[in-house]
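Only one structure is covered here, and it is reproduced in the block below.
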Amino acid sequence: MPRIGMNPSRGISLDFEPARTTVAVLVYAPHNAGYFENRMDVTKMTLQSILANTEEPFDLLVFDNGSSPEMVKYLQALYDNGSIDYLHLSKSNIGKLNALNMIFNMAPGEIVAYCDDDVFHLPGWLGKHLEIIDTFPNVGAVTGFYIRERVALSSESTLAFANQPDVEAERGLLMPRKWEEEYLINTGRTWERYESEVAGIEDVIVKYRGLEAWVSAHHFQMVTSKKVMQKILSEMLPGGWTDRVMGRMIEMDDLMDAKGYLRFCTREQTIRLMGNAISDEIAQIAQKSGLTVNPANTGKKSRGLMNRLAQEKWIRYILQGTVNRIYRWLNN
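Note that the working numbering gives residue 334 to position 331 of the sequence shown, counting from 1, and the numbers run on in steps of one.
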């Protein structure tokens with residue numbers, strides 16, 4: 004085969020070095036109806052909060068998991084203007100676990116700050132996470148939104164650490180009531196359901212080398228070592244792939260805990276879960292960061308017959324089943 008000249012890149016060394024931290028966001032918005040009606044605004048808020056409120060050096064990696072052309076166009080524009088450093092566009096939804104596996108293998112940084120596309124990052128969030136990683140031993144994951152239920156899930160190694168002689172621990176019902184209310188609003192839970200989930204669970208705050216953290220972590224947002232997650236995901240995916248679209252996230256958390264890695268939450272709230280719509284409160288928080296957004300117009304709840312019928316469990320079961328079938332049909 005003929006060759007004209009020599010590749011000019013030969014013998015040239017890179018003058019580029021990636022940041023220690025790769026901030027990675029998994030995006031999925033297949034359309035703008037039903038559950039995803041406000042997803043574009045929520046995703047924009049996620050990315051804008053990262054760009055506005057991250058003080059430490061970072062590279063931004065976005066993995067789009069088969070979103071609508073509108074979302075892809077928006078992400079492409081952010082890549083073109085330099086806001087996104089690495090943009091991966093998947094033609095179809097390859098499932099969350101497969102996407103995570105690709106993200107943690109693509110990320111150039113030794114630390115990966117991962118989140119779903121519905122997380123608002125408060126000012127100074129990354130530094131607070133890194134402080135825990137750099138202070139506590141054998142850290143597996145640090146999150147920024149405390150969830151009491153998670154104390155009893157995937158936390159055995161961390162609770163054992165709390166009993167070490169060089170660790171101070173405070174136990175009790177320590178979670179601010181406001182945080183509980185925020186959690187209920189963002190996850191659509193009732194107080195009755197929440198109370199049943201956290202019954203008998205105590206909050207635990209540990210203090211190590213002068214730094215405090217909650218014993219609790221989750222998987223929709225976490226700052227973690229890339230090597231730790233690569234080890235866990237390779238064990239979960241021995242063949243490198245799964246045919247499941249969702250699920251196995253608790254298994255991922257449990258495996259991290261079983262391997263002895265510690266799982267914490269920042270002492271102060273450093274991120275907020277938005278869910279699938281932007282609330283008035285999140286809109287106000289965004290404005291303090293210089294971001295402009297309109298909260299979702301969810302409307303007032305009707306007190307009519309249809310609303311009362313929808314509160315019946317058996318009717319809700321049928322309606323939810325219908326919604327699920329329509330969703331699968333639309334996304335087949």
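In this text, a Cβ means the ideal position worked out from N, Cα and C, and glycines have one as well.
Mark residue i as exposed unless 16 or more other C-beta atoms lie within 10 angstroms of its C-beta, in which case mark it buried.
{"i": "Lys76", "result": "exposed"}
{"i": "Met74", "result": "buried"}
{"i": "Pro5", "result": "exposed"}
{"i": "Ala55", "result": "exposed"}
{"i": "Val170", "result": "exposed"}
{"i": "Gly302", "result": "Residue placement at Gly302 is flagged as unreliable, the pLDDT there being 48, under the threshold of 50; a coordinate-derived value is accordingly withheld."}
{"i": "Lys304", "result": "Per-residue confidence for Lys304 stands at a pLDDT of 48, beneath the threshold of 50, marking its modelled position as unreliable; the derived number appears in the next sentence. Exposed is the call here."}
{"i": "Arg42", "result": "buried"}
{"i": "Met232", "result": "buried"}
{"i": "Ser157", "result": "buried"}
{"i": "Trp244", "result": "exposed"}
{"i": "Phe61", "result": "buried"}
{"i": "Glu198", "result": "exposed"}
{"i": "Glu113", "result": "exposed"}
{"i": "Ile281", "result": "buried"}
{"i": "Ile329", "result": "exposed"}
{"i": "Asp121", "result": "buried"}
{"i": "Glu254", "result": "exposed"}
{"i": "Asn104", "result": "buried"}
{"i": "Glu200", "result": "exposed"}
Report the three-state DSSP secondary structure of residue i (helix, strand or coil).
{"i": "Val45", "result": "helix"}
{"i": "Tyr77", "result": "helix"}
{"i": "Ser93", "result": "strand"}
{"i": "Lys303", "result": "Summary for Lys303: the model assigns pLDDT 48, below 50, so the residue's position carries little reliability; its value from the coordinates is reported in the next sentence. Lys303 falls in the coil class under three-state DSSP."}
{"i": "Trp244", "result": "coil"}
{"i": "Gly143", "result": "strand"}
{"i": "Ser199", "result": "helix"}
{"i": "Leu17", "result": "coil"}
{"i": "Ala220", "result": "coil"}
{"i": "Glu215", "result": "strand"}
{"i": "Thr193", "result": "coil"}
{"i": "Thr269", "result": "strand"}
{"i": "Tyr149", "result": "coil"}
{"i": "Ile7", "result": "coil"}
{"i": "Ala55", "result": "helix"}
{"i": "Ala36", "result": "coil"}
{"i": "Leu236", "result": "helix"}
{"i": "Met255", "result": "helix"}
{"i": "Leu50", "result": "helix"}
Going by DSSP, what residues sit across from residue i in a beta bridge?
{"i": "Lys424", "result": "No answer is possible for residue 424: it lies beyond the span of the chain, which begins at 4 and ends at 335."}
{"i": "Glu171", "result": "Lys210"}
{"i": "His124", "result": "Ile274"}
{"i": "Asp62", "result": "Thr25"}
{"i": "Asp283", "result": "The partner list for Asp283 (beta bridge, DSSP) is empty, contrary to what the question assumes."}
{"i": "Thr68", "result": "This sequence places Asn at residue 68; Thr is not what is there. Its beta-bridge partners are Ser93."}
{"i": "Thr372", "result": "The requested residue 372 is not part of the displayed model; the chain covers only 4 to 335."}
Can you tell me where the alpha helix (DSSP H) holding residue i begins and where it ends?
{"i": "Asp137", "result": "Trp128 to Thr138"}
{"i": "Ala32", "result": "Looking at the DSSP string, Ala32 is not in any alpha helix (DSSP H), and its letter there is neither H nor E."}
{"i": "Met228", "result": "Sequence inspection shows Ser at residue 228; the Met mentioned does not correspond to that position. Here Ser228 belongs to no alpha helix (DSSP H); instead the beta strand (DSSP E) covers Gln224 to Ser228."}
{"i": "Arg180", "result": "Arg180 to Thr190"}
{"i": "Met105", "result": "Lys99 to Met109"}
{"i": "Glu205", "result": "From DSSP, Glu205 is part of no alpha helix (DSSP H); its letter is neither H nor E."}
Can you give me the start and stop residues for the beta strand (DSSP E) that residue i sits inside?
{"i": "Val115", "result": "Ile114 to Asp119"}
{"i": "Asn297", "result": "Per DSSP, Asn297 belongs to no beta strand (DSSP E) and is neither H nor E."}
{"i": "Leu276", "result": "Ile274 to Leu276"}
{"i": "Asn84", "result": "First-last for Asn84: undefined, no H or E at that position."}
Does any CB atom of chain C fall closer than 9 Å to the CB of residue i?
{"i": "Tyr264", "result": "Considering every chain present, this structure includes no chain C. It has just one protein chain."}
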